[in-house]
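Presented below is the structure to which this report refers.
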Amino acid sequence: MKSLFAKMAMATALGLGMMSVQLPAHADTKVGLILPYTGTYAALGNAITDGFNMAIEEAGRTDEFSIVTEDTEAKPPVGLAKARKLVLQDKVDVMVGVVSSGVLGAMRDFVHQSQTPLIVANAGNNLATGENCSPYIVRVSFSNGQINRPMGTWMAENGIKTVYTLAPDYSAGHQMIESFSAAFTAAGGEIAGSEFTPFGQTKDFGPYLTNAQSSGADAIFVFYAGGGAINFVKQYGSFDIKTPLFGSGFLTSPLYVAAEGEAAIGVRASLHYIPTLDTPENKAFVDAFMAKHGTMPSEYSVQGYDAGLALMAAVDAGGTDKENIAAALPNVSYVGPRGALEIDPATNNIVQNIYVYDTVMGDDGLTQKLIDTIPSVRDDVAGCQM
Amino acid sequence: MDASFWLLQFLNAMQYSMLLFLLSIGLTVIFGLMHFVNLAHASLYMLGAYFGISVSALTGQFWLAFILSPIIVTLIGAILYFTLIDRMRAAGPMNQVLVTFGLIFVILDLVRLGWGDIALGLDAPDALAHTVSFWGISYPAYRLFIIALGLTIMISMWVVLARTQIGAMIRASVENADMAASLGIHVGRLFFVVFCFGCALAGLAGVAAAPIFSATTTMGITILIPTLIVVVIGGLGSLEGAIAGSLIIGFLETFGAVLLPSLSAVLTYILLAVILVLRPQGLIPARG
């Protein structure tokens with residue numbers, strides 16, 4: 001009898017204990033996903049959403065988070081209007097997303113003043129974690145400088161003396177090339193020439209490519225993304241340019257490298273994630289992603305996934321409302337598919353490894369071969385005052 | 001900026017002009033003949049690229065895709081003709097513009113559902129996947145093929161329109177449909193044939209462009225504006241106008257992008273404004 005009572009008491013205690021694990025002590029966290037689902041960046045928005053949902057589902061915490069999605073397209077005024085709607089009407093506790101740096105710029109002041117935490121899952125604008133940083137804006141993706149600075153040093157250290165640079169003529173293009181060039185020249189390299197192509201208009205890169213080749217530089221370094229990247233790499237191949245091509249890793253992103261075809265083989269680029277990283281965390285992530293979507297994940301899926309992990313970590317660290325979540329986010333650190341991650345409280349930008357990789361032909365088409373790892377790349381506190 | 005720079009740029013401009021020509025000729029003749037503004041014409045260009053990629057992926061044969069894709073696009077055009085366009089004929093230009101503008105977004109979202117948002121590529125056929133060297137430059141063979149294709153279609157269309165009986169019937173119907181009908185020309189049937197031909201050319205332009213530019217869901221809308229400018233500058237309804245317009249815009253955009261990058265975005269619009277003020281009917285309009 002006594003033992004039966006003891007067993008029942010134990011069972012009750014266990015049951016209560018489990019209940020307290022399953023039921024969060026606080027109310028649901030309301031998340032606003034603010035991403036482009038139509039227009040140029042639709043594919044990126046969808047990839048980030050898939051990654052985010054996967055993180056929440058894997059943790060079995062779908063009940064805990066209610067999610068509202070809003071489509072920003074790639075239009076700053078639309079992004080600002082949707083951010084207002086999410087905060088004022090839906091009363092979300094935290095926003096996740098933003099692909100375009102322009103949209104991030106437009107939303108920045110509203111996010112800051114409404115004191116709603118924003119986990120940036122793509123937009124790399126240096127200013128958002130530099131001059132215009134905010135305690136409410138935490139970035140888990142990358143900054144434009146973070147991806148390109150290490151590549152400048154790496155190329156100079158690997159025997160490349162002169163480089164010709166190309167990028168689209170808008171803020172991200174300038175930030176990427178400026179940070180690359182500064183690091184490359186600081187390490188002893190020389191910029192043989194530089195050109196910015198009209199943003200979104202240039203479909204023919206042939207003349208730029210031949211100019212770059214005739215400059216006699218050891219290498220061409222470019223930043224292009226999405227459709228521009230596909231056109232650039234294909235045309236680099238079709239014009240049969242002999243100067244080796246290097247780039248910001250978006251040039252041959254796993255998301256669309258298949259569309260570039262064989263022209264992408266041998267292009268070397270730097271990025272914060274490649275799906276072929278040989279770590280247990282990444283293998284588990286890639287397997288789970290493949291099982292669910294049937295394709296390899298890209299850096300965009302990982303950014304969404306890490307945004308989900310960072311949010312859950314902040315909630316676990318006592319994030320119950322807007323203020324708590326914002327306070328908890330900068331202290332988040334863990335090992336994810338990308339490697340060891342932490343948020344730098346001085347800028348609220350992520351500190352992460354940058355990977356130099358080569359695109360090679362594998363058994364199932366184009367794949368990424370890791371060449372070098374630059375560990376724990378941290379941005380300077382460029383005028384950021386929290 | 002030596003001779004090879006100018007030659008390369010000339011070829012790039014020619015290749016872009018030819019793509020614009022393939023698109024604008026369909027649009028302008030349909031307008032000239034039927035007085036119908038079909039803004040969805042550029043969506044057919046996009047469909048041409050996507051169907052080309054799919055056929056090529058399924059069969060592994062570029063040339064089969066090159067022939068089948070325009071045929072599929074023509075069939076879609078024919079369906080649109082019987083379901084929408086024929087009944088909008090009398091509805092006036094404003095309604096036509098609204099309906100076909102809406103159609104652009106319907107087709108765009110159907111493409112997104114079918115093919116997804118990620119840009120797709122198509123490899124040039126092996127026979128044309130190399131570069132050709134001449135006069136001190138090397139140029140991709142596939143781009144030379146597009147220039148040749150455009151010129152061939154340009155010349156054969158001129159021959160058909162100027163030298164054959166069906167050409168005479170089309171010209172007569174463009175100039176005065178009622179008079180042509182009273183002379184025994186079956187204008188309705190002629191309209192349909194010309195409409196289908198315009199759709200086939202749009203599909204052809206799409207599949208021909210796919211190996212150079214990737215296929216994206218925004219490619220239709222992106223190409224629509226230069227195509228409309230070509231039609232307005234050249235003059236509605238005329239072959240010569242479409243030829244002149246596509247060459248002018250092709251060269252202006254290509255050279256503008258390299259020589260005056262900061263101004264290139266507005267150059268074509270300045271030209272458009274000047275033409276609209278000084279010669280609103282276009283440079284070489286069809287009579288009628």
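As they're listed, the protein sequences go chains P and L. In terms of this note's numbering, the first sequence opens at residue 1 and continues consecutively. In terms of this note's numbering, the second sequence opens at residue 1 and continues consecutively. Yeah, the Cβ is synthetic: ideal placement off N, Cα and C, and Gly gets one too.
Out of L/Pro-226, L/Gly-235, L/Arg-279, the CA that lies nearest to the CA of L/Thr-268 is found in L/Pro-226. At least one beta carbon of chain P lies nearer than 8 Å to the beta carbon of L/Leu-8. Nearest to P/Ala-42 by C-alpha distance, out of P/Glu-70, P/Thr-62, P/Arg-61, is P/Glu-70. Interface flag for L/Pro-140 against chain P is set, since a Cβ pair is found closer than 8 Å.
For the C-beta of L/Leu-120, the chain P residues within less than 8 Å are, from N- to C-terminus, Ala-259. For the pair L/Leu-39 and P/Ala-259, the CB atoms are not nearer than the 8 Å cut-off. Linking L/Ile-147 to P/Gly-206 through their CA atoms gives a straight-line distance of about 15 Å. Put simply, of P/Leu-33, P/Asp-218, P/Asn-132, P/Ala-264 the residue whose alpha carbon is nearest the alpha carbon of P/Asp-90 is P/Leu-33. Per DSSP, P/Asn-348 is not a residue of any beta strand (DSSP E), being assigned neither H nor E. Boundaries around P/Asp-50 are those of the alpha helix (DSSP H), 42-58, since no beta strand (DSSP E) includes it. DSSP places P/Gln-385 in the coil class of the three-state scheme, outside both helix and strand. A Cβ-Cβ separation of about 20 Å leaves P/Pro-375 out of contact with P/Asn-348 under the 8 Å criterion.
For a Cβ distance threshold of 8 Å, nothing in chain L lies close to P/Pro-244: the least Cβ distance comes to about 17 Å. For P/Val-335, the closest alpha carbon among the candidates P/Val-356, P/Tyr-357, P/Ile-325, P/Val-302 is that of P/Val-302. Apart from sequence neighbours up to five positions away, the residues of its chain that approach L/Met-18 with a beta-carbon distance below 6 Å are Ile-146, Ile-147, Gly-150, ordered along the chain. Any Cβ of chain P closer than 8 Å to the Cβ of L/Tyr-50 would place that residue at the interface, and such an atom is absent.
With respect to the 8 Å criterion, L/Arg-171 and L/Leu-161 are classified as neighbours on the basis of their beta carbons. In its chain, beyond the 5 residues on either side, Leu-20, Ser-24, Gly-245, Ser-246, Ile-249 have a beta carbon closer than 6 Å to the beta carbon of L/Val-230. At a Cβ-Cβ threshold of 8 Å, L/Phe-66 and L/Val-187 do not count as neighbours.
In this structure, P/Tyr-224 sits away from P/Pro-150, with a CB-CB distance that is not shorter than 8 Å. Positions of the beta strand (DSSP E) runs, each at least 3 residues long and wholly inside the region 115-140 of chain P, are given as 118-120, 137-139 in order along the chain.
Classified as buried, P/Met-95 has 16 or more neighbouring CB atoms from the shown chains inside 10 Å of its CB. Our two residues, L/Ala-13 and P/Leu-329, have alpha carbons roughly 52 Å apart in a direct line. Neighbours of P/Phe-289 in chain L, taken as residues whose beta carbon is under 7 Å from its own, are absent, since the nearest beta carbon is some 15 Å off. Cβ-Cβ separation between L/Ile-221 and L/Ala-42: approximately 7 Å, consistent with a contact (criterion under 8 Å). Under the 8 Å criterion on CB atoms, L/Ser-214 is classed as interfacial with respect to chain P. In the pairwise beta carbon analysis, the region 269-278 of chain P is classified as touching the region 293-300 of chain P: at least three pairs are separated by under 8 Å.
Restricting attention to L/Leu-204, L/Gln-165, L/Ala-200, the CA atom closest to the CA of L/Ile-185 is found in L/Gln-165. Nearest CB-CB separation between P/Ile-220 and chain L: not below the 8 Å threshold. Looking at the backbone, the Cα of L/Gly-198 and that of L/Leu-190 are separated by about 12 Å. Listed as beta-bridge partners of P/Met-95 by DSSP are P/Gly-32, P/Leu-118.
The beta carbon of P/Thr-243 sits closer than 7 Å to those of Ala-212, Gln-213, Ala-217, Ala-219, Ile-220, all from its chain and outside the five residues before and after it, given in chain order.
The continuous beta strand (DSSP E) containing P/Gly-193 extends over residues 190-197. In the structure shown, P/Ile-374 adopts extended strand secondary structure according to DSSP, grouped into three states. For L/Asp-117, the neighbours in chain P by C-beta distance under 7 Å run, in chain order, Ala-42, Ala-43, Asn-46. Three or more Cβ pairs closer than 8 Å define a contact, and the region 101-110 of chain P meets that threshold against the region 121-137 of chain P.
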